[in-house]
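2 protein chains.
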Amino acid sequence: MSKNLTSRTQDYSKWYNELVVKADLAENSGVRGCMVIKPYGYAIWEKMQQELDRLFKETGHSNAYFPLFVPKSMFEAEETNAEGFAKECAIVTHYRLKNDPDQKGKLIVDPNAKLEEELIVRPTSEAIIWSTYKNWIQSYRDLPLLINQWANVVRWEMRTRLFLRTAEFLWQEGHTAHATREEAIEESEKMMHVYADFAERFMAIPVIKGLKSPSERFAGAEETYCIEALMQDGKALQAGTSHFLGQNFAKAFDVKFAGQDGKLDYVWGTSWGVSTRLMGALVMTHSDDNGLVLPPNLAPIQVVIVPIYKSDEEYAAVSAKANEISDQLKRFGIRVKFDNRTTHKPGFKFNEYELKGVPLRIAIGPKDLENGTVELARRDTLTKEVAAVDGIATLVVDLLEQIQQTLFQKAESFRNEHITAVDSYSEFKELLETKGGFFAAHWDGTAETEERIKDETKATIRCIPLDRTLEAGTCMYSGKPSIGRVLFAKAY
Amino acid sequence: MSKNLTSRTQDYSKWYNELVVKADLAENSGVRGCMVIKPYGYAIWEKMQQELDRLFKETGHSNAYFPLFVPKSMFEAEETNAEGFAKECAIVTHYRLKNDPDQKGKLIVDPNAKLEEELIVRPTSEAIIWSTYKNWIQSYRDLPLLINQWANVVRWEMRTRLFLRTAEFLWQEGHTAHATREEAIEESEKMMHVYADFAERFMAIPVIKGLKSPSERFAGAEETYCIEALMQDGKALQAGTSHFLGQNFAKAFDVKFAGQDGKLDYVWGTSWGVSTRLMGALVMTHSDDNGLVLPPNLAPIQVVIVPIYKSDEEYAAVSAKANEISDQLKRFGIRVKFDNRTTHKPGFKFNEYELKGVPLRIAIGPKDLENGTVELARRDTLTKEVAAVDGIATLVVDLLEQIQQTLFQKAESFRNEHITAVDSYSEFKELLETKGGFFAAHWDGTAETEERIKDETKATIRCIPLDRTLEAGTCMYSGKPSIGRVLFAKAY
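Line by line, the protein sequences give chains X and S. The opening residue of the first sequence carries number -14 in this note's numbering; numbering runs sequentially from there. The opening residue of the second sequence carries number -14 in this note's numbering; numbering runs sequentially from there.
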């Protein structure tokens, strides 16, 4: 199996596409730009959802559900948002099909069933949610309102790629309302930290926290916080955003509250989201030419046990021990699968689980039974060791923890090696092509310079890192003064 | 609060609508026919989802995700299905908005962005899923394929009611493929039992398992299994369906598999689903004129603790004890909330939690501190008792279990009292209006009779109960021979 995978150096993009399909994560559907998330891929997404949902609830948020459709007029209410977002989207204009009178078995749209007002399939839900919040918020006692929604959204993308950019995708969107500017900013920052924490501890992906430049901000936000990750091909990927919306949506939808002093004021808002795009980041951060590499914290199967045998008697003896080990691991809360299929050879299974990124493989054969051992293989390092069955569970727990750490450290080293400080535009352009990664450079703060650099190199400002040190310098492009470096990169 | 609720005898339908909104379950949105599921309502739905998901996984199913849109031509593939289903639906015809050249700030649908083929927002996913299964299934080794999807679907209903009938609703849809007819039938039956088990053990709703008559079957199914519940107003509610699809969809989408003997054959299918409609059933089965009554197994808050105090000192002392009790209950896995708001009086809180159906309320005041007691109030019976703080956790666990049982038994008695055997059509018509409920009657098995009865009385055949005893009789309407009784009722 793995031999059929294009290598990363050969064609990174092809490697990614092949891997996503062959590892049973997702595939293109018969509907333009829409993907099917296959059971194995969905199981990983479910693990992500579970953990994120736990983190959202721990920070005081509740889930709710708002309509899929947004009437066109609601989009017009928040002009900046409409300007930036609502253009490429799926539009419902009719509500009935009827039998084609001219062709038996065919259906046509009933022209008499035209909607009075077109409905947009939500590309994001600020409009519908803020129009609802208007009725939910009267006084400071109703604040803060901390709500999250797990939903599908649609953006009519022309060029799509599995997980990274699809017309329909799954995500969560938090929408909160607060009594003060400070509290809303604090919330936006908090959720950025929650995302970073999740990315690093669960996905084993190191991220840089920062602010978007005004041109890269969410339309309708006053400030966009983001976390940026680096893929193995040296391109950046925005892994999550958290927006401080100011009073923009409150003003657009007339959401006011009476303060403790009785005075009316517009409420302050935030919104924040991560999507199935994270699946793409996960694949591109850790996987290799043999297939997927999954961090144990998100792996649907953490350990697979493969029996080695030549006869039915051997199969029976090996299986008995394998079941014993499986039960033991389950008692330690490990997600283990004993692959007892007799229709497939061990070599086939080894390849399959390598391709699917199962962190640990245990092989057990007749020799092992004699010696009281098993063979343990790590997916991340592709190393093997012989281990005693005695105490196997604690060893496995340790190894899974080690794999989780190793993946993070490896990705972090790679990322750190690919943050390059550059002071001249020519150096930047050269290294952007030869080395890739993030470039810490001075920028004059203008949208004009930013756009020119983008046009000339395809690199964008990924973020203004929160932890940057202020230092006087000159913009690498314009030579004008700058107060500190920002991070440029080509990005997904 | 509760005093503002219309009573059930006064106007059952109004009572329901008011309750759903006032108990913070859901509300109508600014989008025709679409509801907003509010955080409290969504928390109950999440509990349902969790348990159903666990049951699906226990029975070998995996989750996956398929596109929201179905191209029109896919609907045409399965004619019977298209005939029965696809007519009233949301149709996407365009993919871009643009600024209105005539009116600043307004948006219009870009006429140049017309889709070549219209996309239907899924009313159900058989078509898209079976067109995908075609590529997933080649041999008997790929079977059974046991997949479930949690998703939103849209059916353009003209008259909508919160939870019971909305244009968009949330549901799960299982879609399975099997090598034999017998296995597919076994799967359809198994899932009906899973639904019944869930309804009875978690929702405390007794259900009747049965088969739909051909006219009430899902279009495209060979057999539809269902569970039917009875609401307090004597109307039935279909709480879940499980369809044996035969080879209908396999033939429509050309899904064949090679058997062990190498011969090609069409696969056998099932599909099964329950939706947010269950929320409506939950409300209408247990709630009363004071508000919601929730079974403890699904209550987001199982126990609420309300402090009684007159001074800051009393508040401090009472709160300390309340926190202690709360911690103790949490250690027993009980979902408990200590409502320590000082902005609201105990009476207000009592009303609020009564309205929201919290199964148990603990009130604790200065006298209780002296006596080492609390006041315990049951939502279902509206009874109160004084209980010792010592051993409170085990008492609460017992009481919650008792409440769960009591609710089921009460609903079961009501349901059983409302299954009436009738032998004449005039008796049926009279009791249908005066008593309501299910009517066990002989039917000649023809669609014609079924339709006439429906036209004349609005009652439909809810199901042919699986456990019915075969007995020769004569149809109450036509006088023709019948082999056993079926259940008629008016239904939601």
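The beta-carbon is built from N, C-alpha and C at its ideal position, and this holds for glycine as well.
In chain order, which continuous runs of the alpha helix (DSSP H) of length 4 or greater are located wholly inside the segment 107 to 158 of chain S?
111 to 121
Hey, Gln134(S) and Ser110(S): beta-carbon distance below 8 Å or not?
yes
Mark Thr419(X) as exposed unless 16 or more other C-beta atoms lie within 10 angstroms of its C-beta, in which case mark it buried.
exposed
Would you tell me roughly how many angstroms separate the C-alpha atoms of Gly487(S) and Leu130(S), rounded to the nearest one?
This structure does not reach residue 487(S), given that chain S is present from -14 up to 477, and the question cannot be answered.
Entirely enclosed alpha helix (DSSP H) segments - the segment -9 to 42 of chain S, minimum 4 residues
-3 to 7
Alpha-carbon spacing of Gly225(S) relative to Phe51(S), whole angstroms
21 Å
If we cut at 8 Å on Cβ distances, does Trp115(X) have a partner in chain S?
no
Partners in chain X for Arg364(S), counting only beta-carbon separations shorter than 7 Å
The premise fails here: Arg364(S) is roughly 21 Å from chain X at the closest Cβ pair, so nothing lies under 7 Å.
Touching by the beta-carbon criterion (3+ pairs, under 8 Å), the segment 259 to 271 of chain S and the segment 328 to 337 of chain S:
no
Closer than 8 Å to chain S by CB, Phe137(X)
According to the sequence shown, residue 137(X) is Asn rather than Phe. Yes, Asn137(X) lies at the interface with chain S (some Cβ there is under 8 Å from its Cβ).
How many Å lie between Val6(S) and Val94(S) at the Cα?
35 Å
Exposed unless 16 or more other CB atoms sit within 10 angstroms - verdict on Asn233(S)
buried
Run of the beta strand (DSSP E) containing Ile479(S), from where it starts to where it stops
Since the first residue of chain S shown is -14 and the last is 477, residue 479(S) is not available in this structure.
Strictly under 8 Å for the Cβ-Cβ distance: is Glu61(X) near chain S by that measure?
yes
Give the DSSP bridge partners of Tyr210(X), in chain order.
Leu196(X), Ser227(X)
Take Ser(-13)(S) and list the residues in its own chain whose beta-carbon comes closer than 7 Å to its own, dropping the five residues that flank it on each side.
Since pLDDT at Ser(-13)(S) reaches only 46, below the 50 mark, its modelled position is unreliable, and no value is offered.
Extract the residue ranges of the beta strand (DSSP E) inside the segment 399 to 436 of chain X, only unbroken runs of 3 or more that lie entirely within it.
404 to 406, 423 to 427
Is the Cβ-Cβ distance between Ala476(X) and Ala221(X) less than 8 Å?
yes
What do you reckon, are the CB atoms on Glu397(S) and Pro191(S) nearer than 8 Å?
yes
Tell me the DSSP bridge mates of Phe323(S)?
Ile290(S)
Would a C-beta distance cut-off of 8 Å place Ile293(S) and His79(X) closer than the cut-off?
no
Helix or strand or just coil, what does DSSP make of Asn(-11)(S)?
helix
Quickly, what does DSSP pair Arg363(X) with across the bridge? List them, please.
Leu345(X)
Cys448(S) bridges to which residues according to DSSP?
Leu472(S)
Contact under 8 Å by Cβ, Leu53(X) with Asn137(S)
yes
Check whether the segment -11 to 1 of chain X and the segment 88 to 102 of chain S are in contact - that is, three or more C-beta pairs closer than 8 Å.
no
Alpha carbon of Tyr25(S) to alpha carbon of Phe187(X), nearest angstrom
29 Å
Short-range partners of chain X found in the segment 282 to 297 of chain S, where Cβ spacing is below 8 Å
none
With a threshold of 7 Å on Cβ separation, who are the neighbours of Thr44(S) within its own chain once the five nearest residues in sequence on each side are excluded?
Lys175, Val179
Report the option in Tyr27(X), Leu147(X), Leu82(X) whose CA atom is closest to the CA atom of Tyr1(X).
Leu147(X)
Which of the three DSSP states is assigned to Asp273(S) in this structure?
strand
With 16 other Cβ atoms within 10 Å as the buried cut-off, status of Asp353(X)
buried
Output yes or no for whether 8 Å exceeds the beta carbon distance between Gly159(X) and His46(X).
yes
Give the straight-line distance between the Cα atoms of Ala426(S) and Val407(S), rounded to the nearest whole angstrom.
5 Å
Which one of Val106(X), Gly332(X), Glu208(X) has the shortest CA to CA distance from Glu153(S)?
Val106(X)
Can you list, in chain order, the residues of its chain with a C-beta nearer than 7 Å to that of Phe323(S)? Leave out the 5 residues immediately preceding and following it.
Ile290, Ala307, Asn308, Ser311
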